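This report concerns only the one structure given below.
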Amino acid sequence: MTKVVAPVLTEPAAEVVASSQRDLAASATTDGDVRLWRTGIDGSMFPIANMAAEKGKTVGPVALSVNGRMLFGSGRFWDLEDPTRPRQLPGRPSRAASVVFSPDGRLAASVEPRLDMAGAVHLWDTCREHDDPPLASLPTPVRVVAFASAHVLIVSGDGDIMRPWNVSDPRHPVELGTIFVSPRRGDNEIRSVAISPDGLTLAVIPDDEGPPQIWNLSDPTFPTKIGELTGAHSSTKAITFSADGKSIITAGDNTLQKWNIDVERIAEQLCTDASPRISPSEWREYGLSHLTYRPPCA
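Okay, here's the thing in structure tokens:
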């Protein structure tokens, strides 16, 4: 049961995010303000701080780092060491359309598609104490960004192409490889992107009505396609991972679908349901006679 706390909001909420490691959530209202909330184990939410937008500013993106210690909201970065007293940090990607934090919260990437310069992604050092310019800008138009790890940033922008970047030296990002989401390599864009909690798996929805795809990022220099969620609806628009990384949830046209991607669990289920199992004669029939007979699930 969720405890309702009043008053809750004085303006409609436009966006909300939560930390998976701290009992914090943040909401952005249509007047541009960002409110920080303490979440209880019983589902209750209590406002603990408010970050007012600058005069004349409208609603912008709000982002919370995984560890809940960094926030972007009201066009500014905030240190949440004491969440009841957010401390404003230097650096203002004021025209950002979206912002994401690295897993350790020390680096942020902002997408600013309307900037009149080469590159729409800017990298920011959230630990600095001076109002310096961005550490670097990526020389490619971008619509979607996501951190796969503290040092690997996944970028989508050139139609249906995605590119991993090494940002271990954020002043000198290095492009690692290319992911061709569609074999036709057309002008279709990427609908949605998600990274598993361990940063080793990428889920992406292409905009060509193709099924969501799963990619292995264990070597970001050579990403490999694992498979597709072929049973997903063609209208699927959003995708995310469960907290343990063993499931994927997709959404579209009022439908939610949950997918089990835990290989060990899937194998266990198949072996439980499989009947009859392969016989010695079938083993030979399928060209496995050069191998010692070893029926699956034995």
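Going by full-length UniProt numbering, 167 is the number at position 167 of the sequence shown; the sequence numbering is gapless. Every residue gets a Cβ at the ideal spot worked out from N, C-alpha and C, and that includes glycine. If you're wondering where the values come from, they're calculated on a predicted model, not measured in any experiment.
Using the three-state DSSP reduction, which class does residue i fall into: helix, strand or coil?
{"i": "Ser-247", "result": "strand"}
{"i": "Arg-277", "result": "coil"}
{"i": "Glu-285", "result": "helix"}
{"i": "Arg-35", "result": "strand"}
{"i": "Val-15", "result": "It is Glu, not Val, that sits at residue 15 in the sequence shown. In the structure shown, Glu-15 sits in a strand (DSSP, three-state: E or B)."}
{"i": "Val-111", "result": "strand"}
{"i": "Thr-255", "result": "strand"}
{"i": "Arg-191", "result": "strand"}
{"i": "Thr-29", "result": "strand"}
{"i": "Thr-272", "result": "helix"}
{"i": "Val-263", "result": "helix"}
{"i": "Pro-47", "result": "strand"}
{"i": "Asp-42", "result": "coil"}
{"i": "Thr-126", "result": "coil"}
{"i": "Val-66", "result": "coil"}
{"i": "Thr-178", "result": "coil"}
{"i": "Thr-240", "result": "strand"}
{"i": "Leu-291", "result": "coil"}
Skipping 5 residues on each side, what residues in its chain have a beta carbon closer than 6 Å to that of residue i?
{"i": "Ala-150", "result": "Ser-102, Pro-103, Asp-104"}
{"i": "Asp-219", "result": "none"}
{"i": "Pro-164", "result": "Val-152, Ile-154, Leu-176, Gly-177, Pro-220"}
{"i": "Asp-160", "result": "Val-181, Ser-182, Asn-188, Pro-206"}
{"i": "Cys-127", "result": "Arg-106"}
{"i": "Ala-18", "result": "Ala-25"}
{"i": "Thr-140", "result": "Gly-157"}
{"i": "Ala-194", "result": "Ala-203, Ile-239, Thr-240, Phe-241"}
{"i": "Arg-87", "result": "Asp-79"}
{"i": "Glu-282", "result": "none"}
{"i": "Arg-64", "result": "The sequence given here places Leu at residue 64; Arg does not occur at that position. Answer for Leu-64: Val-17, Ser-19, Ala-26, Leu-71, listed in chain order."}
{"i": "Ile-249", "result": "Thr-240, Lys-258"}
{"i": "Gly-252", "result": "His-233, Ser-235, Thr-236, Lys-237"}
What does the Cβ neighbour count give for residue i, buried or exposed, with the cut at 16 atoms within 10 Å?
{"i": "Leu-24", "result": "buried"}
{"i": "Arg-35", "result": "buried"}
{"i": "Val-100", "result": "buried"}
{"i": "Gly-231", "result": "exposed"}
{"i": "residue 318", "result": "Nothing can be reported for residue 318: it is not among the residues displayed for the chain, which extend from 1 to 298."}
{"i": "Phe-241", "result": "buried"}
{"i": "residue 336", "result": "Any answer about residue 336 is impossible in this case: the structure gives the chain only from 1 up to 298."}
{"i": "Met-117", "result": "Bear in mind that a pLDDT of 46 at Met-117, under 50, signals an unreliable position, so the number given afterwards is only what the model happens to contain. Exposed is the call here."}
{"i": "Gly-40", "result": "exposed"}
{"i": "Ser-279", "result": "exposed"}
{"i": "Arg-294", "result": "exposed"}
{"i": "Ser-289", "result": "exposed"}
{"i": "Arg-76", "result": "buried"}
{"i": "Thr-201", "result": "buried"}
{"i": "Thr-255", "result": "exposed"}
Residues in the same chain with beta-carbon distance under 8 Å from residue i, minus the five sequence neighbours each way, listed in chain order, please.
{"i": "Asp-244", "result": "Pro-197"}
{"i": "Gly-199", "result": "Pro-103, Phe-147, Ala-148, Ser-149, Val-152, Leu-217"}
{"i": "Pro-173", "result": "Leu-123, Ala-136, Leu-138, Leu-153, Trp-165, Asn-166, Val-167"}
{"i": "Gly-227", "result": "Gln-213, Ile-214"}
{"i": "Gln-21", "result": "Val-66, Asn-67, Gly-68"}
{"i": "Ala-49", "result": "Arg-35, Leu-36, Pro-83, Thr-84, Arg-85, Pro-86"}
Can you give me the Cβ contacts of residue i inside the same chain, cut-off strictly under 7 Å, excluding the 5 residues immediately before and after it?
{"i": "Pro-134", "result": "His-122, Leu-123, Trp-124"}
{"i": "Gly-73", "result": "Ala-26, Ala-28, Val-34, Met-51, Val-62"}
{"i": "Lys-225", "result": "Gln-213, Trp-215"}
{"i": "Phe-222", "result": "Gly-177"}
{"i": "Ala-96", "result": "Gly-60, Pro-61, Ser-110, Val-111, Glu-112"}
{"i": "Asp-262", "result": "Lys-246"}
{"i": "Arg-171", "result": "Leu-135, Ala-136"}
{"i": "Val-144", "result": "Ser-156, Ile-190, Val-193"}
Continuous beta strand (DSSP E) assignments of at least 3 residues falling wholly in the region 135-176:
Listed in chain order, the complete beta strand (DSSP E) runs (minimum 3 residues) inside the region 135-176 are 136-138, 144-147, 152-158, 161-166.
If we require 3 or more residues per run, which beta strand (DSSP E) segments fall completely within the region 69-106?
For the region 69-106, whole beta strand (DSSP E) runs of length 3 or above, ordered along the chain, are 70-73, 76-79, 87-89, 98-101.
Suppose only complete runs of 3+ residues qualify. What are the beta strand (DSSP E) ranges in the region 198-232, listed by chain order?
Those beta strand (DSSP E) runs which fall completely within the region 198-232 and span 3+ residues are 201-206, 213-216, 224-228.
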